[in-house]
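J.:
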Amino acid sequence: MSTPIRASSILPGHREDIELHTADGLTLVGELARPLDREPAGTLVCLHPLPTHGGMMDSHVFRKAAWRLPALADLAVLRFNTRGTSSVRGTSEGAFDNAVGERFDVAAAIEYAEFAELPNIWLVGWSFGTDLTIRYGCDPGVAGAILLSPPLRYSTPEDLAVWAGSGKPLTALVPEFDDYLRPDEARQRFAAVPQAEVVGVPGAKHLWVGDAETVLDEIVRRVNPAVPVPLPTTWDGPMETGDVSAYADRTVAAFADTPVPGPQQRRAG
1 MSTPIRASSI LPGHREDIEL HTADGLTLVG ELARPLDREP AGTLVCLHPL
51 PTHGGMMDSH VFRKAAWRLP ALADLAVLRF NTRGTSSVRG TSEGAFDNAV
101 GERFDVAAAI EYAEFAELPN IWLVGWSFGT DLTIRYGCDP GVAGAILLSP
151 PLRYSTPEDL AVWAGSGKPL TALVPEFDDY LRPDEARQRF AAVPQAEVVG
201 VPGAKHLWVG DAETVLDEIV RRVNPAVPVP LPTTWDGPME TGDVSAYADR
251 TVAAFADTPV PGPQQRRAG
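In case it helps, UniProt numbering puts the sequence shown at residues 1 to 269.
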């Protein structure tokens, strides 16, 4: 019997707690989720939103990716807490460093994926994580990147020029009602990267509440195009139920929507 896939649904997969070790001596906590009985066709390395505003490896889009995509799309999902960030998994060593020291965190995650011989590595950054992706993610081991709600707060024209020169695919999913950067302006800013694709998502907001399925479909469309989308909304096999209450307070309170007074607003999550 088909069972609806809900926010708390955990589909079959092989999940293990992992540790990343940075070049500057820190240990970061994370998790690697893989398909249960086959090799992955691709790998997502997830870089979460701003930890000073509640971002963490369990932020809802990444949690759903780890719980669903190994089974639905043959993808491995590596998510972790950047330095000083806490979640149910634990707290990574170090302290938030305003997208400076985090360069070592990004490198450690890519290195882990390569050492584990995970295939077709894509970075998926969300908000603050998009800045880390743009600044530090254009690595020889990375096939491409997907940006969710990019604020372009820490990124520079020089960073975009590196991506432009690489030719690597770069997709930005931009909510129609984003708090920081909306689709028309995003197209102007990303015009510096000829191969960049800016996808405006009608009705969506910065936190993708209610639109996580759309995000997952767009990720799968690019990383494993052999899988039909939209992804199924029901499952015909065993399914576990995760405790989402542990995340709810942080997700709702820390990521509460804020009004947008005008295009000059530049604060970002």
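Even glycine gets a Cβ: it sits at the ideal position worked out from N, Cα and C. Model, not experiment: these values are computed from the prediction.
1. On a Cα-Cα basis, can you pick out the residue from Gly-25, Arg-189, Glu-213, Val-162 that is closest to residue 275?
2. Just reading off the alpha helix (DSSP H) that Gly-129 is part of, what are its end residues?
3. Report all residues from its chain with a CB closer than 6 Å to the CB of Asp-211; omit the five preceding and five following residues, and keep chain order.
4. Please report the residue range of the alpha helix (DSSP H) in which Gly-107 lies.
5. Got a sec, what are the start and stop residues for the beta strand (DSSP E) residue 300 sits in?
6. Rounding to the nearest angstrom, what Cα-Cα distance links Gly-30 and Leu-75 in this structure?
7. Pull up the DSSP beta-bridge partners for Gly-42, would you.
8. Going straight from the alpha carbon of Ala-192 to that of Leu-160, what length do you get?
9. Rounding to the nearest angstrom, what Cα-Cα distance links Thr-91 and Pro-51 in this structure?
10. Per DSSP, Ala-196 is paired with what?
11. Go ahead and label Leu-118 buried or exposed: buried means 16 or more other beta carbons lie within 10 angstroms of its beta carbon, across all protein chains shown.
12. For Met-57 and Asn-224, I'd like the C-alpha separation in whole angstroms.
13. Tell me the rounded alpha-carbon separation between Asp-178 and Ala-186.
14. Assign Ser-2 to one of two classes, buried (16 or more other C-beta atoms within 10 Å of its C-beta) or exposed (fewer than that).
15. For Glu-16, I'd like the list of residues in its chain whose CB is within less than 6 Å of its CB, leaving aside the five on either flank, ordered along the chain.
16. In the DSSP output, which residue or residues are listed as bridge partners for Thr-22?
17. Which residues mark the beginning and the end of the alpha helix (DSSP H) in which Ala-145 is found?
T.: From the atom records:
1. Missing from the structure shown is residue 275; the chain here goes from 1 to 269 and no further.
2. 128-136
3. Ala-204
4. What sits at residue 107 in the sequence shown is Ala, not Gly. Unbroken alpha helix (DSSP H) run through Ala-107: 102-115.
5. Because the chain spans 1 through 269 in this model, residue 300 falls outside it and cannot be assessed.
6. 17 Å
7. Leu-75
8. 7 Å
9. 11 Å
10. Leu-170
11. buried
12. Answer to the nearest angstrom: the Cα atoms are 22 Å apart.
13. 11 Å
14. exposed
15. Closer than 6 Å at Cβ, skipping near neighbours: Leu-32.
16. Looking at the DSSP assignment, Thr-22 forms no beta bridge with any residue, so it has no partner.
17. It is not in any alpha helix (DSSP H) - Ala-145 instead sits in the beta strand (DSSP E) that spans 144-148.
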